[in-house]
Amino acid sequence: MSDQREKADSDLLCSCGEKHTGHICWLSRMGLLMEVQHLCDNPTVSCSKCGAKANLPHNVCFPVTLEETSGS
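In this note's numbering, the protein residues as written are 10 to 81.
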């Protein structure tokens with residue numbers, strides 16, 4: 010029974026090892042793709058660990074600002 014408890018606890022952990030249930034990596038792992046879609050429709054940051062793009066820094070584990078691309 011402790012194996013089931015450990016599995017349930019690990020499902021709550023984000024890829025950064027914390028309980029960040031709003032991070033895109035966690036939402037994707039849980040199959041909540043519609044929620045992910047709403048969080049990355051106008052990305053301003055990406056996660057330096059997994060590369061996920063998000064609208065807001067608090068939706069990824071290790072946010073890095075996306076650089077603006079020039080028109081060239």
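Glycine residues also receive a C-beta, built at the ideal position from the N, C-alpha and C atoms.
- Taking C-beta separations shorter than 6 Å and ignoring five residues to either side along the sequence, the partners of K58 in its chain run C70, F71, following chain order.
- Under the three-state reduction of DSSP output, P52 falls in the coil class, being neither helix nor strand.
- With 16 or more other CB atoms across the displayed protein chains lying within 10 angstroms of its CB, H32 is buried.
- Pairing V54 with L75 gives a Cβ-Cβ distance under 8 Å.
- Under the criterion of beta carbons closer than 8 Å, C23 and C34 qualify as touching, at roughly 6 Å.
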